[in-house]
RNA sequence: GUGGGCGUAGCUCAAACGGUUAGAGCGUCUGGUUGUGGCCCAGAAGGCUGGGGGUUCAAGUCCCCUCGCUCACCCCA
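Numbering (my numbering), first residue to last: 164 to 585.
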């Protein structure tokens, strides 16, 4: 049998309530802050991702779903949330709106990787970006938005890690300082880290290899290399977080996997950090727009994996349950009643009453069993006897007495019965 | 990309040493004499034992390959 592609998932109806809770909670938090929804294409030109995420990153090197379309263009399934939003901002002239432009999205993300707990080839992210304003207050707003969303979902125990990577003009010296530190000690680096020494020395810092991790404790810290503007930016941000009473930890080893970040980077991680620990993270990317040929557009944002949010909600036992009940199950008892049943269903639905159709004639016993299983609030039975007399049998499922209802007054009587059974 | 564990019904699991027709619970459908649900009882449907190859008189069981799931590395959300 043909099966779903590796690393993808079917989302069945029983998880819809929790999924919906996450999305609606996020939407509410966004709209409380004037963030507006945006959606961008599932496919983008491959260069959008390669030029922004960085050549040396794993994402660009081996995790993209890229293909050539029939016209010969190289396209890539969205591998990351931020670059497409920045592209859309530039392409649609959103710099003409009041700045910052505050946007949010809920979208699938595709990365070719080996599936694992909390890791999929298609996963979903909630994300937000604020474009066009370099103020540290915008960083704080973004962090507050994500933190508030988690809190509203009952996962307030995440740790906020924070760091500053400085600006491009100081990145080079910091990078060199790391090279100078690690090169004489490269015998203590693992194979991966040794390769990174040449390609992307910053990434050595978040290695989980025990010996490397120990070595990193003594490594130069990016905070010590910040230029004055970046240092002031960070100081203001920390003041704001303190004023908002948002606890944080400065983590000198936090660097993030995407190259476009500058200054602020942050991550939310669970207390008992497993391997797929990061629930959400982001940072500032003031130079990303220029990488795709747009003008200078400062920006800050985050992405958070919905599947990982769900994992953490389960951890705290805060997933909700119960599919919503339909109002009425309408049950034909004879073949001749099927048409009338469907006609009545339509009439009730026009009045805003939800109705599940029984479709096939069956015995009252079977029909009522199905009505029970469907967890409806009332069953409506139509058999030969009812057809003949122009009535239907209305039976509330809470044990109240069954009544006979003339077709003419069906909507009113059903409403009344539902009100009584609520 | 690397390494470990695991694949039997829709789900959770059985099936000594390889040995008749692969079972159970839950779920689904139907029935329990007149047209009435939940509990209970009965019956039915549902399996190429993930797929392919091999060993054997005989394979769910042993071997190889492959696909998938899973855990860790890696990476990230």
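Ideal Cβ placement from N, Cα and C applies to all residues, glycine included.
Predicted, not measured: the structure shown is a model, and the values here were computed from it.
Buried versus exposed call for residue i [16 or more other C-beta atoms within 10 Å across all chains shown]
i           : result
residue 333 : buried
residue 460 : buried
residue 306 : buried
residue 558 : buried
residue 197 : exposed
residue 259 : exposed
residue 321 : buried
residue 402 : exposed
residue 521 : buried
residue 216 : buried
residue 502 : exposed
residue 181 : buried
residue 177 : exposed
residue 164 : exposed
residue 490 : buried
residue 364 : buried
residue 378 : buried
residue 410 : exposed
residue 243 : buried
residue 506 : exposed
residue 526 : exposed
Proximity to residue i [Cα-Cα], best of the options
i           : options            : result
residue 445 : 303, 475, 223, 371 : 303
residue 511 : 169, 537, 523, 542 : 542
residue 405 : 323, 225, 185      : 323
residue 173 : 242, 250, 287      : 287
residue 440 : 366, 478, 164      : 478
residue 255 : 213, 216, 234, 201 : 201
residue 249 : 569, 469, 456, 560 : 456
residue 239 : 259, 253, 214      : 214
residue 415 : 328, 234, 310      : 328
residue 199 : 289, 356, 412      : 289
residue 535 : 375, 499, 561      : 561
residue 463 : 177, 423, 505, 347 : 423
residue 467 : 506, 308, 207      : 308
residue 469 : 380, 385, 283, 393 : 283
residue 447 : 276, 294, 189, 337 : 294
residue 188 : 552, 473, 243, 490 : 473
residue 551 : 387, 499, 410, 524 : 499
residue 392 : 427, 564, 380      : 427
residue 347 : 360, 252, 523      : 360
residue 419 : 434, 442, 409      : 442
residue 310 : 407, 273, 233, 219 : 407
residue 206 : 301, 251, 556      : 251
residue 387 : 218, 357, 338      : 338
residue 156 : 565, 524, 168      : The shown model of the chain, from 164 to 585, leaves out residue 156, and the question about it has no answer.
Check whether residue i and residue j have beta carbons under 8 Å apart
i           : j           : result
residue 373 : residue 341 : no
residue 389 : residue 397 : yes
residue 432 : residue 326 : no
residue 271 : residue 292 : no
residue 222 : residue 421 : yes
residue 430 : residue 451 : no
residue 211 : residue 179 : no
residue 554 : residue 570 : yes
residue 134 : residue 376 : A question about residue 134 goes unanswered here, because the residues of the chain that appear run from 164 up to 585.
residue 655 : residue 425 : With the chain covering only 164 through 585, there is no way to say anything about residue 655.
residue 590 : residue 497 : Residue 590 is absent from the structure shown; the chain starts at 164 and stops at 585.
residue 281 : residue 548 : no
residue 275 : residue 228 : yes
residue 666 : residue 488 : Nothing in the structure corresponds to residue 666, since the chain is present only between 164 and 585.
residue 208 : residue 236 : yes
### Query
Hey, is the region 573 to 582 in contact with the region 520 to 535, meaning 3+ C-beta pairs nearer than 8 Å?
no
### Message
Check whether the region 345 to 358 and the region 310 to 319 touch, using three or more Cβ-Cβ pairs below 8 Å as the test.
### Response
no
### Task
Would you mind listing the beta strand (DSSP E) stretches within the region 268 to 319 that are 3+ residues and don't spill past its ends, in chain order?
For the beta strand (DSSP E) assignment, the uninterrupted runs of no fewer than 3 residues enclosed by the region 268 to 319 are, from N- to C-terminal side, 285 to 294.
### Task
Evaluate contact between the region 558 to 578 and the region 505 to 525, counting only Cβ atoms and requiring at least three cross-stretch pairs below 8 Å.
yes
### Task
Kindly provide the ranges of any alpha helix (DSSP H) runs that are 4 or more residues long and lie completely inside the region 425 to 463, ordered along the chain.
The region 425 to 463 contains these whole alpha helix (DSSP H) runs: 451 to 454.
### Message
Runs of 3 residues minimum, wholly inside the region 195 to 261: which ones carry the beta strand (DSSP E) assignment?
### Response
206 to 208, 229 to 231, 237 to 240
### Query
Is the region 189 to 196 touching the region 264 to 273 in the sense that three or more CB pairs, one from each, lie closer than 8 Å?
yes
### Query
If you scan the region 490 to 540 from start to end, which runs of the beta strand (DSSP E) of 3 or more residues do you find wholly inside it?
Segments of the beta strand (DSSP E) lying fully in the region 490 to 540: 491 to 495, 518 to 520.
### Length-filtered (3 minimum) beta strand (DSSP E) runs lying within the region 344 to 420
The region 344 to 420 contains no whole beta strand (DSSP E) run of 3 or more residues.
### Message
What ranges does the alpha helix (DSSP H) occupy inside the region 549 to 585, keeping only unbroken runs of at least 4 residues that lie completely in it?
### Response
For the alpha helix (DSSP H) assignment, the uninterrupted runs of no fewer than 4 residues enclosed by the region 549 to 585 are, from N- to C-terminal side, 573 to 584.
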